[in-house]
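Numbering (my numbering), first residue to last: 28 to 156. For glycine and all other residues, C-beta sits at the position ideal for the given N, C-alpha and C. What you are looking at is a predicted structure, and each value in this text was computed from that prediction instead of being measured.
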Amino acid sequence: MYFVDQAGASLKEYKMNLELGRKKIHSNSSISSNEIYWSPPPANTIKINVDAHCNGDGRWGLGWVVRKEDGSYLGVATHVVRAGTAMEAEVMGIVSVLQGLNQYDGAHALVESDSSVVVKAMQTRNYPR
């Protein structure tokens, strides 16, 4: 229940900051003292943010958020999967969200991930084996 409460608090804080016209969002989370930044995608583009976290036992928690340029949400999800590496887990998250975006056929999408290997592979279409 803790994570649901945290997500609700973060969403409330995001909406409040959006109403104030700020692009920079400060997190009050006790989990991290880092500042959180979200920059909107270009016009007529959706932005996908994906992240994976290892639980230490071979299971990975995946999370993704899809937003429009105005910051409104098109989708949010979390999954627990088995993966061998962080790269594999990040790719599983990206595939999961892209499969769910069939309804936005033809929409331009910008994908963000903290896995530089996955981002580079997508940009160059050169996928490591």
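Residue interval of the alpha helix (DSSP H) (run including glutamate 115): That run of the alpha helix (DSSP H) goes 113-127.
Candidates Trp91, Ala79 and Thr72: closest to glycine 114 by CA position: Correcting the residue identity first, residue 114 is methionine in this sequence and not glycine. Nearest neighbour of methionine 114 by Cα position, chosen from Trp91, Ala79 and Thr72, turns out to be Ala79.
Alanine 136 beta carbon less than 8 Å from that of glutamate 96: No Cβ-Cβ contact shorter than 8 Å links glutamate 96 with alanine 136.
Backbone CA spacing between threonine 105 and glutamine 150 [nearest angstrom]: Distance between threonine 105 and glutamine 150, taken at the CA atoms: about 25 Å.
Proximal residues to threonine 112 (C-beta, below 8 Å), its chain only, five neighbours per side dropped: So the list is empty, once near-sequence residues are dropped.
Nearest-angstrom Cα separation, counted from methionine 119 out to asparagine 82: In this structure, the alpha-carbon of asparagine 82 lies about 16 Å from that of methionine 119.
Serine 143 (DSSP reduced to helix, strand or coil): DSSP places serine 143 in helix when its eight states are reduced to three.
Simplified DSSP state of alanine 110, which is helix, strand or coil: Alanine 110 falls in the coil class under three-state DSSP.
DSSP state of alanine 148 mapped onto helix, strand, coil: Secondary structure at alanine 148: helix, using DSSP grouped into helix, strand and coil.
Rounded separation between serine 99 and valine 122 - CA only: So the two alpha carbons sit approximately 22 Å from each other.
Valine 77 beta carbon less than 8 Å from that of valine 108: For valine 108 and valine 77, no; Cβs fall outside 8 Å.
Inter-residue spacing [alpha-carbon to alpha-carbon] between valine 138 and arginine 86: Roughly 23 Å between the two C-alpha positions.
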